[in-house]
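Take a look at the structure below.
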Amino acid sequence: MIVISPWTKGGYLNSQVFDHTSLIRFIETRFSNVPMETNITPWRRAVAGDLTSAFDFVNPNSEKAVDLPDTSSYKPTNLVRFPDYNVVPPANQTLPKQEPGVRPARALPYELNAHGVLQLFDSSFVIEFANTGQATAVFQVRSGSPLHIPRTYTVEPGKPLSDTWLLGSIGLVTGDLSVYGPNGFFRGFSGSVSGLRNAQLDVRASYDHGNNGITLTIGNPSSQTALVTILDQYTGNSVQLTINAGRSASQYFTLSRLSGWYDFVITVASDASIRYHFAGHVETGKDSISDPALGGL
10 MIVISPWTKG GYLNSQVFDH TSLIRFIETR FSNVPMETNI TPWRRAVAGD
60 LTSAFDFVNP NSEKAVDLPD TSSYKPTNLV RFPDYNVVPP ANQTLPKQEP
110 GVRPARALPY ELNAHGVLQL FDSSFVIEFA NTGQATAVFQ VRSGSPLHIP
160 RTYTVEPGKP LSDTWLLGSI GLVTGDLSVY GPNGFFRGFS GSVSGLRNAQ
210 LDVRASYDHG NNGITLTIGN PSSQTALVTI LDQYTGNSVQ LTINAGRSAS
260 QYFTLSRLSG WYDFVITVAS DASIRYHFAG HVETGKDSIS DPALGGL
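Using this note's numbering, the first residue of the sequence shown is number 10, and each one after it goes up by one.
What follows is the structure, given as structure tokens:
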């Protein structure tokens, strides 16, 4: 939707989850500050925002004045009524392209995480979902195997949740699980079952809100030294870590240049099938920008 208001100047984007009930909740927040519409379920109230994060009620005039173009040439010159035109869709259709560049983006109430690990006793894979933000979030997990149906999880702030995917016990030799969340949050866990049993990594992400950074802590629970590569897909740079058996190592990345966006692929030299993918946006409580990768930068 497009919001036009004295409190939304600047062409900002807002990627918080909203739906049709958000309009009603905005009216509730503005005029009563208490829930009044009984047809909105508690789940929708928890997951969908009330649109207030799209506005700047504190400093609405902080943006520089914009010189608008002359619109006199937009006046229609042909006022003759014509018959309706039957639109015929093209035979070879294509998706519209993303407009290049980035836009300023509003701060969001999300702080999400997901941690995945293979259980050695039964070769099942467990994913733990964490929500340390201010808004309830919905995660969706998709598997590369048709034996797993997509699963959806609603996680309230401060209430972790976990689930298990059977792999070896149902005949799968490879695991491929992808976790999706709001505003580009993504976690990918893939690898052969035998490879994960022998050389899996324990990767955890922690956020540095004050300095707009992220730390990846990688544990090596195997009995062999692990040569780990972290590829930054925004910059193309990579970092290599040598982690002894039973030990862990941490790597800090500053994200100021990317306004909090990150996209890392973690691999281990001993098994090419193992691949961990961590992507998303670190929220600092301040406005940032839209995803530079989607903008073609």
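Even for Gly, the Cβ is constructed at its ideal location relative to N, Cα and C.
Residue from the options whose Cα sits closest to the Cα of residue i
{"i": "residue 178", "options": "128, 145, 107, 212", "result": "128"}
{"i": "residue 294", "options": "275, 219, 233", "result": "219"}
{"i": "residue 238", "options": "215, 184, 223, 285", "result": "285"}
{"i": "residue 282", "options": "199, 140, 193", "result": "199"}
{"i": "residue 267", "options": "214, 110, 280, 50", "result": "110"}
{"i": "residue 167", "options": "130, 140, 243", "result": "140"}
{"i": "residue 157", "options": "85, 217, 173, 165", "result": "173"}
{"i": "residue 257", "options": "270, 231, 269", "result": "231"}
{"i": "residue 180", "options": "155, 194, 191, 193", "result": "155"}
{"i": "residue 182", "options": "50, 153, 72", "result": "153"}
Own chain, CB closer than 7 Å to residue i, minus 5 neighbours either side, in chain order
{"i": "residue 63", "result": "12, 17, 23, 115"}
{"i": "residue 84", "result": "none"}
Sequence-distant residues of its chain with Cβ nearer than 8 Å to residue i (five each side left out)
{"i": "residue 57", "result": "26, 27, 28, 30, 31, 34"}
{"i": "residue 15", "result": "69"}
{"i": "residue 61", "result": "35, 38"}
CB of residue i within 7 Å of CB of residue j, strictly
{"i": "residue 210", "j": "residue 227", "result": "yes"}
{"i": "residue 144", "j": "residue 169", "result": "no"}
{"i": "residue 80", "j": "residue 59", "result": "no"}
{"i": "residue 288", "j": "residue 272", "result": "yes"}
{"i": "residue 186", "j": "residue 146", "result": "no"}
{"i": "residue 196", "j": "residue 188", "result": "yes"}
{"i": "residue 19", "j": "residue 113", "result": "yes"}
{"i": "residue 291", "j": "residue 264", "result": "yes"}
{"i": "residue 162", "j": "residue 222", "result": "no"}
{"i": "residue 164", "j": "residue 208", "result": "no"}
{"i": "residue 137", "j": "residue 82", "result": "no"}
{"i": "residue 77", "j": "residue 133", "result": "no"}
{"i": "residue 303", "j": "residue 107", "result": "yes"}
{"i": "residue 246", "j": "residue 234", "result": "no"}
{"i": "residue 298", "j": "residue 212", "result": "no"}
Three-way DSSP call (helix, strand, coil) for residue i in this model
{"i": "residue 160", "result": "strand"}
{"i": "residue 237", "result": "strand"}
{"i": "residue 137", "result": "strand"}
{"i": "residue 171", "result": "strand"}
{"i": "residue 114", "result": "strand"}
{"i": "residue 90", "result": "coil"}
{"i": "residue 179", "result": "helix"}
{"i": "residue 63", "result": "helix"}
{"i": "residue 189", "result": "strand"}
{"i": "residue 256", "result": "coil"}
{"i": "residue 250", "result": "strand"}
{"i": "residue 261", "result": "strand"}
Chain-order list of residues whose beta-carbon lies under 6 Å from that of residue i (same chain, five-residue window excluded)
{"i": "residue 205", "result": "127"}
{"i": "residue 215", "result": "224"}
{"i": "residue 280", "result": "204, 208"}
{"i": "residue 21", "result": "113, 115"}
Unbroken beta strand (DSSP E) run spanning residue i, endpoints
{"i": "residue 127", "result": "121–128"}
{"i": "residue 146", "result": "146–152"}
{"i": "residue 303", "result": "Run containing residue 303: none; DSSP gives neither H nor E here."}
{"i": "residue 274", "result": "270–277"}
{"i": "residue 216", "result": "211–217"}
{"i": "residue 47", "result": "Neither: residue 47 is in no beta strand (DSSP E) and is coded neither H nor E."}
{"i": "residue 225", "result": "222–228"}
Extent of the continuous alpha helix (DSSP H) to which residue i belongs
{"i": "residue 38", "result": "30–40"}
{"i": "residue 284", "result": "Note, residue 284: premise wrong, no alpha helix (DSSP H); beta strand (DSSP E) at 280–290."}
{"i": "residue 202", "result": "202–208"}
{"i": "residue 54", "result": "51–56"}
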